[in-house]
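> Numbering-wise, the sequence shown is residues -24 to -1, 1 to 70 according to mature numbering (1 follows the signal peptide of the UniProt record, and there is no 0). Here a beta-carbon is modelled for each residue, glycine too, at the ideal position from N, C-alpha and C.
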Amino acid sequence: METCAVRPAIYVFASSALLLSACASGGNPSPAQTPAAPQPVKIANPASVFCIQQGGKLRMEKTPQGERMLCILPDGREVDEWDFFRQHHPAPKP
């Protein structure tokens, strides 16, 4: 009968030791376990892409309202990139 009483005590002791050793690890994951920070998604500006596809070059212009991007076309004209994009890509009609 003594053997039956000792076995549960051994299991309790062993599980307590495992639990305490897990808690004593510090809780700080090693660099190999640390998940990498998510990288921001880089999405191209469709107006800039369209300007370059048409042979244009981009130039930033500072205005009192902020900054805007100009598309310098192959013929030398300077147009706002979004105006140029919308001119060639009208909004769909409902």
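Looking at the unbroken alpha helix (DSSP H) that takes in I19, where does it start and where does it end?
Where I19 is concerned, there is no enclosing alpha helix (DSSP H), given that its DSSP letter is neither H nor E.
> In this structure, how does DSSP classify D56 when only helix, strand and coil are distinguished?
strand
> With distance defined between alpha-carbon atoms, name the residue in F61, M36 and P50 nearest to R44.
M36
> Nearest to K33 by CA position, among R62, K18 and L46, is which residue?
The option with the nearest alpha carbon to K33 is L46.
> Where V17 and C27 are concerned, what is the direct C-alpha to C-alpha distance, given to the nearest angstrom?
When rounded, the distance between both Cα atoms is 22 Å.
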